[in-house]
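Right under this line is the structure:
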């Protein structure tokens, strides 16, 4: 598993920097579009702020993020629908209200099972990448 891709905030494109101390985002409104012809979910980095980057994924049934690592600790939650998060052979169903945390460089994958997500309504997942960096410095 040493050859797995390592994702960093910039992997997911540009983001809006936090311009004020209080930042409010409608994450479901900002969720990226999903393309059923692609094996991977839609992805959009929506915020760079002190210590964290917020990245949204929109999965259609059958789409996945194959095994990979994050360069920073992460917290993941599902905002709509359901995804399956797998680490070290342990699978956890992530539904709205469930939170997953992993340390940096922990190999993991995310799947959107068709039997749990019907139709063309995407499962929306929020990834919080805890960079520890101070925005703007």
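In my numbering, the protein residues as written are 51 to 187. Built from N, CA and C at the ideal position, the CB exists for glycine as well.
**Item:** Contained beta strand (DSSP E) runs [length at least 3] in the segment 57 to 130, N- to C-terminal order
**Value:** Fully contained in the segment 57 to 130 are the following beta strand (DSSP E) runs of length 3 or more, in chain order: 92 to 99, 102 to 109, 114 to 120, 124 to 130.
**Request:** Enumerate in chain order the residues of its own chain whose CB-to-CB distance from residue 82 is below 7 angstroms, with the five nearest sequence positions on each side excluded.
**Result:** Result list for residue 82: 92, 93, 94, 106, 108, in chain order.
**Asked** Near residue 173, what residues of its chain come up, given a Cβ to Cβ distance below 7 angstroms and the 5 sequence neighbours on each side ignored?
**Response** The beta carbon of residue 173 sits closer than 7 angstroms to the beta carbons of 109, 128, 130, 131, 132, 133, 162, 167 from its chain, once the five residues preceding and following it are set aside; these are given in chain order.
**Item:** residue 115 versus residue 175: straight-line alpha-carbon distance, rounded
**Value:** Those two C-alpha atoms are separated by around 12 angstroms.
**Asked** Near residue 135, which residues of its chain fall below 6 angstroms by C-beta distance, leaving aside the five closest residues on each side in sequence?
**Response** Residues of the same chain with a CB within less than 6 angstroms of the CB of residue 135, apart from the 5 flanking positions on each side, are 142, 144, 150, 160 in chain order.
**Request:** Look at the alpha carbon of residue 165 and the alpha carbon of residue 146, and state the distance between them as a whole number of angstroms.
**Result:** 17 angstroms
**Request:** With DSSP as the reference, label residue 180 as helix, strand or coil.
**Result:** Collapsing the DSSP output to three states places residue 180 in coil.
**Item:** Distance between beta carbons of residue 100 and residue 157, contact taken as under 8 angstroms
**Value:** With a Cβ gap of about 28 angstroms, residue 157 and residue 100 do not count as contacting.
**Prompt:** With a CB to CB cut of under 8 angstroms and the five nearest residues on each side skipped, what residues in its chain are close to residue 78?
**Reply:** 129, 130, 174
**Asked** Alpha carbon to alpha carbon, what distance is there between residue 169 and residue 111?
**Response** Residue 111 and residue 169 have their C-alpha atoms some 8 angstroms from each other.
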